[in-house]
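Protein chains in written order, with the working numbering: chain U, 1 to 165; chain S, 166 to 330.
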């Protein structure tokens with residue numbers, strides 16, 4: 001998480017400096033910001049598809065439980081969690097950029113909320129990794145329990161840092 | 166791959182039957198198709214971000230090579246490959262749906278191209294899994310070589326089944 005803090009700080013300094021010294025590059029910086037928003041949204045959307053598959057086979061329609069598919073889905077959740085997706089949240093990307101909207105709250109970049117951010121991110125990372133570990137075993141009940149724990153970490157982060165609409 | 170064939174066939178039958186028997190559900194079916202296109206695009210976009218990180222640290226800027234980040238990126242590529250993303254390619258999703266464009270070629274649903282599809286999909290899956298295995302070892306040269314092999318399987322599929330623009 002220190003790394004994320006460093007990246008956030010470094011990127012903020014870099015962006016500030018860039019806009020001041022090279023105003024002509026503002027458009028390019030906007031394109032990069034736009035792509036960061038789109039890329040993180042892609043990661044969360046693909047992860048959500050896989051969380052949805054897990055929910056279906058573990059909660060809504062247990063008869064469809066398939067340990068191999070559960071493992072495949074859990075591995076996506078784990079991989080997204082370990083991908084460094086936090087580096088895509090840079091200051092300025094809490095606003096609409098080139099028409100690309102985001103639901104991230106400015107609170108994500110509020111120094112007063114840094115400890116909360118570190119906690120929710122660390123919690124999600126830990127539980128997502130556990131989910132993939134548990135999924136290797138193929139035990140439906142154990143996967144379901146761990147799936148619930150991951151879901152709670154998603155909600156905890158959304159409550160603090162994501163607008164509902 | 167048999168599973169993908171079954172899903173494709175079953176979905177085709179289901180869609181055909183649905184449109185014939187319940188024309189009122191056409192809008193709902195369109196929404197589902199739209200979401201399938203968006204979800205697969207999200208998967209490929211997030212994977213592309215991670216392939217891009219690997220390219221940067223292995224090819225463009227080797228001094229930035231970081232075995233931990235390489236592993237994280239390789240795990241995303243592997244997870245997307247093993248996620249069952251092929252199930253998101255259902256007949257009808259080769260067209261623009263609700264304004265959502267796709268670059269998939271109709272050839273993907275051409276029975277005469279089925280063997281080619283199975284080959285490119287199997288090749289990608291195999292090489293993506295090898296990439297994650299090799300990345301565990303942390304050997305830069307070995308990861309670079311395997312990264313190149315994965316890239317070739319991407320291109321082989323795109324050549325047959327994806328429009329450039």
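In this text, a Cβ means the ideal position worked out from N, Cα and C, and glycines have one as well.
The structure displayed is predicted, hence computed values, not measured ones.
Nearest to residue i (by Cα), restricted to the options the options
i                     : options                    : result
residue 274 (chain S) : S:266, S:260, S:287        : S:260
residue 82 (chain U)  : S:252, S:256, S:235, S:251 : S:235
residue 59 (chain U)  : U:49, U:137, U:141, U:40   : U:141
residue 304 (chain S) : S:262, S:266, S:233        : S:233
residue 150 (chain U) : U:39, U:80, U:30, U:41     : U:80
residue 118 (chain U) : U:35, U:41, U:86           : U:86
residue 327 (chain S) : S:258, S:294, S:293        : S:258
residue 77 (chain U)  : U:144, U:155, U:132, U:164 : U:132
residue 134 (chain U) : U:73, U:45, U:36, U:164    : U:73
residue 264 (chain S) : S:329, S:330, S:203        : S:203
residue 218 (chain S) : S:253, S:330, S:240, S:268 : S:240
Beta-ladder partner(s) of residue i, from DSSP
i                     : result
residue 162 (chain U) : U:104
residue 97 (chain U)  : U:100
Short CB-CB distance (under 8 angstroms) between residue i and chain S
i                     : result
residue 122 (chain U) : no
residue 46 (chain U)  : yes
residue 137 (chain U) : no
residue 129 (chain U) : no
residue 110 (chain U) : no
residue 147 (chain U) : no
residue 102 (chain U) : no
residue 50 (chain U)  : yes
residue 42 (chain U)  : yes
residue 142 (chain U) : no
Minimum Cβ-Cβ distance from residue i to chain U less than 8 angstroms
i                     : result
residue 180 (chain S) : The predicted model places residue 180 (chain S) with a pLDDT of 40, which falls under 50 and marks its position as unreliable; any figure quoted below should be read in that light. No, because no Cβ of chain U sits closer than 8 angstroms to the Cβ of residue 180 (chain S).
residue 262 (chain S) : no
residue 235 (chain S) : no
residue 247 (chain S) : yes
residue 241 (chain S) : yes
residue 203 (chain S) : yes
residue 272 (chain S) : no
residue 194 (chain S) : no
residue 244 (chain S) : yes
residue 321 (chain S) : no
Residue i classed as buried or exposed, judged by whether at least 16 other C-beta atoms fall within 10 angstroms
i                     : result
residue 63 (chain U)  : exposed
residue 50 (chain U)  : buried
residue 301 (chain S) : exposed
residue 40 (chain U)  : buried
residue 208 (chain S) : buried
residue 277 (chain S) : exposed
residue 201 (chain S) : buried
residue 292 (chain S) : buried
Next item on the list: Spell out a yes or no on whether the region 99 to 108 of chain U and the region 280 to 289 of chain S are touching, meaning 3 or more CB-CB pairs, one atom from each, closer than 8 angstroms.
Entry: no
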